[in-house]
Amino acid sequence: MSLFYALAYLLAAVLFILGLKQLSSPKTARNGNFTAAAGMVIALGATVPQLHFTAAGALIILIGVVIGAAVGTIGARQVKMTQIPQMVALFNGAGGAAAALVAVAELVKFGAHPPLTEALPSVFSIVIGSVSFAGSLVAFAKLQELMTGTPITYPGQQLVNGLLAAAIFGFVIAVLAIASIPFSFLALMLLALILGVAFVLPIGGADMPVVISLLNAFTGLAVAASGFTLNNFALIVAGTLVGASGSLLTKLMSDAMGRSLGNVLFGAFGKVQAVAGAAAGKEGRTVRTGSVEDLATLLAYSRRVIIVPGYGLAVAQAQHAVRELADLLEKRGVEVNYAIHPVAGRMPGHMNVLLAEANVPYEQLKEMDEINDEFKNADVVLVVGANDVVNPAARNTPGSPIYGMPILNADQAKNIVFMKRSMRPGFAGIDNDLLYDPKTIMLFGDAKDSLTKLVSAVKAA
Amino acid sequence: MNSELLNEFTFFVLAVFVGIEVISKVPTMLHTPLMSGTNAIHGIILVGALVIAAGASSPVTIILGLVAVVLATTNVVGGFVVTDRMLEMFKGRQTTRTQEPVKPK
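Residue numbers (this note's numbering), protein chains in the order written: chain A, 104 to 564; chain B, -7 to 97.
This is how it looks when you write it as structure tokens:
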């Protein structure tokens, strides 16, 4: 290893660490991304002169980089802001698969009986990388609503997953002991792919951000393992940094939802629809609906209005309409604030990004701790496309899947206006008592549509 | 255990602690961009993909190398671009934030 190459990898590692540090503070976050990207360019630039290219090798690298760069750029540029979580899942899956393939190629090169110090990390990388790839694809499908977002459970699920894990363990031993079987990698990969799918299926769509974060950490570890196989310090350090910081981030995310990581990952096991009984007997309750004109008058003559935006607002692309309504109310002297739940949208911080895109002033975006005491002074709470984050079941119903999650105190306001498409429960699939509250007025319909109507009605009021 | 492996293991253990320490104070607002940023960093697997692809000669290694390079490049490029798009939305914050919100009396 030449000195130049070693120092370049050290510089890259330092830039990754500085980049992560900057990424965790709002003022420097964007620079942090550039810093990390610079580290990546240096690591790649130092690697290329060390390689001994075959003709075929040079050609596939050229083709591969062009295709990958095009797919990555177009994908990242074209994706709608609302779909960013699933895009991150796809990129993560790509990294996991690449780590597994690198390990396979390295093992194939060694042929029969690779030394244990090569085989062990390779096998680890193949298994973890494949789990990450398959799991990421399922997370993508759940978020893109290609499949149901509710947890998929069946009797004996724990047994099946346990057998899968045992089979993988058995194969790992087989591969390590008798690596001359060429297809044992394929079987191992296949089993790991199935385990990845089986692992994510029983987790609800609302918990996908935590899952993606965990799989992101997995990919980091798979990359680090590939680094041990290739004796490459850049892979070991960068992969481990992601594995460690990703694991902590996963924990921070589940903390923000007021749940333990174990509860997020395995919560659906064993209690198939335990809450269904709790919702029974509440049928036949009535909800109050209001006309656009009534609501416009209510809003226009309020003093304090708090808007609670949710994923429904993002789906309806209503962030511009909601800002227009807020501006109009402010002009009339109404104090308007937005209450941002930590997990509003589909990921922590997702809603801040969406509202910033619509140029909502930063001062109006209040975090939950900052605004929760203000709800009792609010004349109107306008809930736009949110549901679970204001569901009092999180406080009152111990059996509920969201019990213990910190919620916005919307129920303490004098009036609550819900803009929803239907009475359908939120992403977590739980009925919301607040919809039936006597203080609540429902306005059914597409959020953007309703908001546009409200804007013209407020103008007339 | 040979000395190279020992070195590698040392780097691994130290990187675990650095990785945990460096992001321990992240605000909720930045969880998603941070996840996306770390996602781009593990695209460093492209270095590994280049190593195996460069020496490819048999059909098996050529296919493995090509697919690995495509996937890893997608991870790196897409990861950094999408993170930048998210963080771009936070621009202008500093300028608006300098005028401290006036507390209503």
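By construction, the Cβ of each residue, glycine as well, lies at the ideal position given by its N, Cα and C atoms.
Residues Gly199, Ala295, Leu296, Leu298, Gly299, Phe302, Leu318, Phe321 of the same chain have their beta carbon placed closer than 8 angstroms to that of Val234(A), with the five preceding and five following residues left out of the count. With a beta-carbon spacing of about 20 angstroms, Ile15(B) and Ala337(A) fall beyond the 8 angstroms limit used to define contacts. The three-state secondary structure of Ala442(A), taken from DSSP, is strand. Between the beta-carbon of Val230(A) and that of Leu291(A) there is about 7 angstroms, and that keeps the pair under the 8 angstroms contact cut. Distance from the CA atom of Ala208(A) to the CA atom of Ala328(A), rounded to whole angstroms, is 14 angstroms.
Rounded to the nearest angstrom, the gap between the Cα atoms of Ile306(A) and Leu267(A) is 18 angstroms.
Unbroken alpha helix (DSSP H) stretches of 4 residues or longer found wholly inside the segment 396 to 478 of chain A: 414 to 418, 422 to 434, 453 to 460, 471 to 474, given in chain order.
In the structure shown, Ile519(A) falls within a strand segment according to DSSP collapsed to helix, strand and coil. In the structure shown, the three-state DSSP call for Val117(A) is helix. Note on Gly148(A): under 16 other CB atoms within 10 angstroms of its CB, so exposed under the neighbour-count rule. Residues of chain A whose Cβ lies closer than 7 angstroms to the Cβ of Ser16(B) are, in chain order, Leu351. Between the C-alpha atoms of Phe369(A) and Lys551(A) there is a straight-line separation of about 37 angstroms. Using a C-beta cut-off of 8 angstroms, the segment 60 to 69 of chain B makes contact with the segment 160 to 177 of chain A, since at least three inter-stretch Cβ pairs fall below that distance.
If you draw a straight line from the Cα of Ala513(A) to the Cα of Thr251(A), it comes to about 29 angstroms.
Runs of alpha helix (DSSP H) with 4 or more residues, each lying fully within the segment 162 to 248 of chain A, are found at 187 to 213, 219 to 246, listed in chain order. DSSP places Leu485(A) in the strand class (E or B) of the three-state scheme. Interface annotation, Leu154(A): in contact with chain B, CB-CB separation under 7 angstroms. As DSSP reads the structure, Phe547(A) sits in a beta bridge with Lys523(A). About 6 angstroms separates the beta carbons of Arg407(A) and Asn480(A), which is inside the 8 angstroms limit, making them a contact pair. About 17 angstroms separates the beta carbons of Asn31(B) and Val241(A), which is beyond the 8 angstroms limit, so they are not a contact pair.
Neighbours of Pro445(A) in chain B, taken as residues at a C-beta separation under 7 angstroms, are given in chain order as Thr20. Taking all protein chains shown into account, Leu165(A) has fewer than 16 neighbouring C-beta atoms within 10 Å of its C-beta and is therefore exposed. Here Val313(A) is buried. Its C-beta has 16 or more other C-beta atoms within 10 Å. Distance from Val340(A) to Ala7(B) at the Cβ level is roughly 5 angstroms; contact confirmed, criterion being Cβ atoms closer than 8 angstroms. The beta-carbon distance between Ala60(B) and Gly160(A), rounded to whole angstroms, is 12 angstroms. This is too long to meet the 8 angstroms contact definition. Secondary structure of Thr389(A) (DSSP, three-state): coil.
Of Leu262(A), Asn462(A), Ser357(A), the smallest CA-CA separation from Thr24(B) is found for Ser357(A). Relative to Pro495(A), the option among Asn335(A), Ala459(A), Asn535(A) whose CA is nearest is Asn535(A).
Around the beta-carbon of Thr53(B), 16 or more other beta-carbon atoms lie within 10 Å, marking it buried. Counting along the chain, His23(B) sits inside the alpha helix (DSSP H) bounded by residues 23 to 33.
Contact of His423(A) with chain B by beta-carbon distance below 8 angstroms is absent, the smallest such distance being about 14 angstroms.
Ranked by Cα distance from Ile187(A), the options Lys124(A), Leu121(A), Tyr414(A), Ser225(A) are led by Tyr414(A). From the listed residues Arg449(A), Ala461(A), Leu485(A), Glu460(A), the smallest Cα separation to Glu248(A) is found for Arg449(A). Chain-ordered, the chain A residues with CB closer than 7 angstroms to the CB of Ser49(B) read Thr157, Ala159. In this model, Leu279(A) and Ile271(A) are separated by some 12 angstroms (Cα to Cα).
Its Cα nearest to that of Met27(B), the residue Leu355(A) stands out among Ser105(A), Met184(A), Leu355(A).
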